[in-house]
Ligand code: CTP
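Numbering (the numbering used here), first residue to last: 104 to 588.
As structure tokens, this is what we get:
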């Protein structure tokens with residue numbers, strides 16, 4: 104039987120395959136296999152003399168189910184066995200209406216969704232709408248004899264691959280942290296051994312309240328994943344702050360990352376990845392600091408893309424105004440020295456990507472009190488060099504990750520400087536980007552990068568920072584898979 108390797112494909116085809124693989128969170132080999140499988144299943148569905156478009160209407164179902172149906176009952180059974188089941192617990196809050204959209208988005212990704220509505224949720228949406236959208240009966244009552252006879256709260260808890268709590272009100276979070284079981288939602292949460300994802304939604308003051316903070320710390324310690332909340336306008340007039348539920352697509356991204364990881368799927372499943380992101384703040388005195396214009400968008404996108412590909416990600420971030428990416432462990436730091444300590448603490452890892460714009464220098468001695476203006480004129484700031492985090496990790500003989508990747512922020516002679524950095528810092532790859540004011544990269548949404556490795560330079564087209572992240576993750580997955588062979 105003939106065999107092909109990705110290397111034999113022409114460059115254009117390889118690039119398209121890489122982008123497709125990145126979009127789907129698969130390695131290039133897996134993507135090629137998926138395409139071949141799909142093409143083969145289409146062939147099997149063609150009636151003699153017909154085309155896929157002219158097949159009988161009953162086979163015109165979408166995606167993998169259609170394929171399985173065409174392949175016969177055994178394949179259909181296997182396909183059903185692969186379908187992941189989400190148990191969505193909808194809490195009582197104005198964001199409950201977004202849970203309806205969330206059901207639709209999850210179903211679009213071929214996930215089976217079963218809903219539980221708390222009593223309070225039913226003040227906002229009806230079980231009928233949740234049932235109509237999910238295509239399954241919605242559950243509401245712990246002591247409903249029919250529910251307990253048919254399926255029971257223990258089965259509800261066990262039959263899910265992931266339980267999602269959205270919106271997670273302050274009350275539901277408190278119940279989960281305290282181990283209560285006085286209604287169907289809390290009883291199911293207590294009875295489950297499956298991963299749980301909560302999407303908090305509440306008034307900013309409730310979110311800030313010490314009790315909520317305490318409960319959240321407890322949930323995180325218990326291994327519960329959290330997505331959001333975001334900041335913005337509240338439903339209550341003139342209220343704004345942190346407390347808006349994450350958008351349905353953000354919740355979907357967290358769901359995909361969690362179920363992929365639990366099932367050991369995804370191109371980076373089983374891999375530990377460290378990402379640094381954002382600027383660092385180097386204190387001059389208690390109110391002033393040295394910083395730079397980094398927004399953290401590229402580093403945060405990378406962390407999100409690696410998590411979506413199934414990696415266990417630790418994101419070490421300087422001060423940014425971005426929501427925490429779903430499904431990653433985030434360590435927030437301020438200075439370069441703190442960032443170095445957090446990165447060393449997060450080792451060992453398979454891959455480390457250094458996207459942070461670390462300040463090269465810090466004031467030699469941060470003043471304890473605010474520096475006052477005086478007759479002597481402007482103070483002279485003595486600076487001292489910060490540790491180079493990337494170089495420290497790349498040169499660490501004992502705990503060096505398999506792949507160490509840096510960025511090079513340049514304003515001139517981009518490739519030349521990046522090549523020198525690759526050698527000086529001892530990393531495997533450098534992504535060089537033009538950060539001159541006219542490029543709009545610092546703080547912007549797009550990036551044009553050149554991948555510099557020992558093998559040469561590859562210039563990628565201008566694209567969003569998310570696409571750069573997905574492209575890099577696909578390349579990392581491909582390289583790690585190659586290293587295994
Ligand atoms: N980096 C780091 N620690 C530092 C400085 C930089 O980890 N103290 C990392 C960055 O995260 C990036 C790479 O090193 O991945 C290159 O950073 P860059 O700012 O482009 O280069 P510098 O080393 O600071 O050199 P220069 O400012 O002279 O260009």
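Note that the Cβ used here is the ideal one computed from N, Cα and C, for glycine as well.
Could you tell me whether any non-hydrogen atom of the ligand CTP is closer than 8 Å to the CB of residue i?
| i | result |
| --- | --- |
| residue 393 | no |
| residue 509 | yes |
| residue 461 | yes |
| residue 489 | yes |
| residue 524 | yes |
| residue 598 | The question about residue 598 has no answer here: the residues shown for the chain are numbered 104 through 588. |
| residue 551 | no |
| residue 385 | no |
| residue 528 | yes |
| residue 540 | no |
| residue 492 | yes |
| residue 520 | yes |
| residue 379 | yes |
| residue 467 | no |
| residue 439 | yes |
| residue 513 | yes |
With distance defined between alpha-carbon atoms, name the residue in the options nearest to residue i.
| i | options | result |
| --- | --- | --- |
| residue 511 | 487, 412, 378 and 553 | 553 |
| residue 245 | 238, 237 and 260 | 260 |
| residue 229 | 255, 201, 210 and 212 | 201 |
| residue 538 | 527, 550 and 358 | 550 |
| residue 58 | 272, 351, 285 and 471 | Not covered by the structure: residue 58. The range shown for the chain is 104 to 588. |
| residue 513 | 494, 540, 492 and 531 | 540 |
| residue 468 | 403, 388 and 444 | 388 |
| residue 443 | 232, 321 and 421 | 421 |
| residue 270 | 306, 423, 215 and 231 | 306 |
| residue 364 | 399, 355, 353 and 413 | 413 |
| residue 374 | 346, 415 and 572 | 415 |
| residue 278 | 221, 256 and 247 | 221 |
| residue 425 | 446, 447 and 380 | 380 |
| residue 573 | 382, 335, 411 and 281 | 411 |
| residue 356 | 330, 545 and 298 | 330 |
Cβ of residue i less than 9 Å from any chain C Cβ?
| i | result |
| --- | --- |
| residue 489 | Of the chains in the structure shown, none is chain C; there is only one protein chain. |
Taking just the CA atoms, how far does residue j sit from residue i?
| i | j | result |
| --- | --- | --- |
| residue 397 | residue 488 | 19 Å |
| residue 122 | residue 409 | 15 Å |
| residue 395 | residue 463 | 10 Å |
| residue 258 | residue 243 | 15 Å |
| residue 578 | residue 219 | 40 Å |
| residue 266 | residue 484 | 54 Å |
| residue 262 | residue 308 | 36 Å |
| residue 47 | residue 470 | What is shown of the chain runs 104 to 588, which leaves residue 47 out entirely. |
| residue 349 | residue 384 | 28 Å |
| residue 167 | residue 211 | With a pLDDT of 37 at residue 167, under the threshold of 50, the predicted position of this residue should be treated as unreliable, and no value is reported. |
| residue 108 | residue 120 | 13 Å |
| residue 391 | residue 472 | 11 Å |
| residue 582 | residue 559 | 15 Å |
| residue 575 | residue 283 | 44 Å |
| residue 180 | residue 204 | For residue 180, the predicted model reports a pLDDT of 39, less than 50, meaning its position is unreliable and no value from the coordinates is stated. |
| residue 184 | residue 324 | Reliability fails at residue 184, whose pLDDT of 47 lies under 50, so the model's placement of it is uncertain and the value that follows must be treated cautiously. In a straight line, the C-alpha of residue 184 is about 32 Å away from that of residue 324. |
| residue 527 | residue 500 | 16 Å |
| residue 79 | residue 206 | Residue numbering for the chain in the displayed model covers 104 to 588; residue 79 lies beyond these limits and cannot be assessed. |
| residue 460 | residue 393 | 12 Å |
| residue 376 | residue 239 | 38 Å |
| residue 562 | residue 111 | 20 Å |
| residue 525 | residue 535 | 10 Å |
| residue 139 | residue 132 | 11 Å |
| residue 164 | residue 346 | Low local confidence applies: a pLDDT of 32 at residue 164 is under 50, so the model's placement there is unreliable, and no value is given. |
| residue 231 | residue 275 | 22 Å |
**Message:** For the pair the segment 367–381 and the segment 330–347, tell me if three or more CB-CB distances fall below 8 Å.
**Reply:** Look at the beta carbons and you see the segment 367–381 not touching the segment 330–347: under three pairs across the two are nearer than 8 Å.
**Given 8 Å, three or more beta-carbon pairs between the segment 448–456 and the segment 500–507** = yes
**Prompt:** For the 8 Å Cβ check, are there 3 or more pairs between the segment 283–291 and the segment 306–318?
**Reply:** The segment 283–291, when compared against the segment 306–318, does not touch it at the 8 Å Cβ threshold.
**Asked** Would you say the segment 189–201 touches the segment 213–226, given that touching needs at least three Cβ pairs under 8 Å?
**Response** yes
**Item:** the segment 524–531 in contact with the segment 561–569 per 3-pair CB rule at 8 Å
**Value:** no
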